[in-house]
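Trainee: Let me begin by handing over the structure; questions about it come next.
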Amino acid sequence: MRIPGIGILCDAIMQSSLSKPTFILTLPYFLLYYLPFAMLFANIMVSVNRLCSVIFYVHFAKTWAFLTPICVVLVLILPLPLCGHLLISPAFYTDVVNGLGMNYEKVIVGYPRNSLIALSTYLSSAGIVTITTLITAACMATMNKRHKKSEVSLLLVGALQSFGTLLAAAHALYMYFEVSEFLYQKRFIFVDYQCFCSSWTLLLLSANVRKEVR
Numbered sequence: 000m001r002i003p004g005i006g007i008l009c010d011a012i013m014q015s016s017l018s019k020p021t022f023i024l025t026l027p028y029f030l031l032y033y034l035p036f037a038m039l040f041a042n043i044m045v046s047v048n049r050l051c052s053v054i055f056y057v058h059f060a061k062t063w064a065f066l067t068p069i070c071v072v073l074v075l076i077l078p079l080p081l082c083g084h085l086l087i088s089p090a091f092y093t094d095v096v097n098g099l100g101m102n103y104e105k106v107i108v109g110y111p112r113n114s115l116i117a118l119s120t121y122l123s124s125a126g127i128v129t130i131t132t133l134i135t136a137a138c139m140a141t142m143n144k145r146h147k148k149s150e151v152s153l154l155l156v157g158a159l160q161s162f163g164t165l166l167a168a169a170h171a172l173y174m175y176f177e178v179s180e181f182l183y184q185k186r187f188i189f190v191d192y193q194c195f196c197s198s199w200t201l202l203l204l205s206a207n208v209r210k211e212v213r
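Take 0 as the starting number for the sequence shown in numbering that gives the first Met the number 0 and just add one per residue.
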């Protein structure tokens, strides 16, 4: 996590106890990984939901009325094995070009690096979302009935999610083998893109989707 350089505040932080391992920063550092992972799993769930809507459309509504609460719980639980170790690890601020960065003190020896876990998660998510989106688009193209605008909108968002996840995966892959200060500082672009293109934004941007939900 990076805080843009703001002079006096950065100096004050680096001269305080926050520049040394402390459990005060444990939760913020944990959320830095937990929230993006949860978003990736949510994107997978939405992509699978769209795929089921065109393949199993006869029993789709009844099936997903049952599966939706389960998926919500899974989205909240599945990131924990990936970053739960950070809840017992003290974190601290450190110097980064043009600002501050956050790191942690590893408590569990031999646990995989955060960068490796993130890389594997992004690549897996990108593959699943891309494949399900392509299959959904192919199935919709062969359907004879007229598509609702809300269905097309959801498919478009799925494509945008896939593209954003691929970008994040490419960024994580490059940063795993070679650290780039420029790409490190510009990581927020990928995060903002993924957040903006999440499916929940359709509730705000699309009147057709809001109508279907009601």
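Just so you know, even glycine gets a beta-carbon here, dropped at the ideal spot from N, CA and C.
Is the stretch 14-24 in contact with the stretch 86-94, if contact means three or more CB pairs nearer than 8 Å?
Mentor: yes
Trainee: Since A158 contacts T132 with CB under 8 Å, what's their CB separation in whole angstroms?
Mentor: Within the sequence shown, numbered from 1, the residue matching residue 158 stands at position 159. Within the sequence shown, numbered from 1, the residue matching residue 132 stands at position 133. Contact holds; Cβ gap of about 6 Å.
Trainee: With distances taken from CA atoms, which of F40, S52, F59 is nearest P80?
Mentor: The count along the sequence shown starts at 1 and reaches residue 80 at position 81. Residue F40 is the option with its Cα nearest to P80.
Trainee: Do Y110 and H84 count as a contact pair if the criterion is CB distance below 7 Å?
Mentor: For this step, residue 84 is matched to residue 85 along the sequence shown. For this step, residue 110 is matched to residue 111 along the sequence shown. Less than 7 Å divides the Cβ of H84 from the Cβ of Y110.
Trainee: Is it buried or exposed for Y58, if we count other Cβ within 10 angstroms and need 16 for buried?
Mentor: Counted from its first residue, the sequence shown places residue 58 at position 59. Per the sequence shown, the amino acid found at residue 58 is His instead of Tyr. So H58 ends up on the exposed side.
Trainee: Within its chain, find whatever has a CB closer than 8 Å to the CB of F65; leave out the 5 residues flanking it on each side and keep chain order.
Mentor: Against the sequence shown, residue 65 aligns to sequence position 66. Contacts found: none.
Trainee: So A117 and A37 are supposed to be a Cβ contact under 8 Å. How far apart are they, rounded?
Mentor: Within the sequence shown, the letter at position 118 stands for residue 117. Within the sequence shown, the letter at position 38 stands for residue 37. So it is not a contact: roughly 13 Å between Cβ atoms.
Trainee: Are there 16 or more other CB atoms within 10 angstroms of the CB of G4, so buried, or fewer, so exposed?
Mentor: In the sequence shown, residue 4 corresponds to position 5, counting from 1. With a pLDDT of only 48 at G4, under the threshold of 50, the placement of this residue in the model should not be trusted, and no figure is reported.
Trainee: What did DSSP end up calling Y56 once you bin it into helix, strand or coil?
Mentor: Residue mapping note: residue 56 aligns to position 57 of the sequence shown, counting from 1. Reduced to three states, the DSSP call for Y56 is coil.
Trainee: Hey, I43 and S124: beta-carbon distance below 7 Å or not?
Mentor: As a position in the sequence shown, residue 43 is number 44, starting the count at 1. As a position in the sequence shown, residue 124 is number 125, starting the count at 1. Yes, these two residues count as a Cβ contact at 7 Å.
Trainee: If you follow the alpha helix (DSSP H) that T216 is in, where does it begin and where does it stop?
Mentor: What the structure shows of the chain is the stretch from 0 to 213, and residue 216 is not part of that stretch, so it cannot be assessed.
Trainee: Measuring alpha carbon to alpha carbon, tell me which of V106, A136, D94 ends up nearest L50.
Mentor: Indexing the sequence shown from 1 puts residue 50 at position 51. If we check each option's Cα against that of L50, A136 comes out closest.
Trainee: With a cut-off of 8 Å on the beta carbons, I'd call S46 and V106 a contact; round off their distance for me.
Mentor: As a first step, residue 46 is located in the sequence shown; it is residue number 47 there, counting from the start. As a first step, residue 106 is located in the sequence shown; it is residue number 107 there, counting from the start. With a Cβ gap of about 35 Å, S46 and V106 do not count as contacting.
Trainee: If Y175 sits next to L77, beta carbons under 8 Å apart, how far is it from one beta carbon to the other, in whole angstroms?
Mentor: Here the question's residue 175 lines up with position 176 in the sequence shown. Here the question's residue 77 lines up with position 78 in the sequence shown. So it is not a contact: roughly 22 Å between Cβ atoms.
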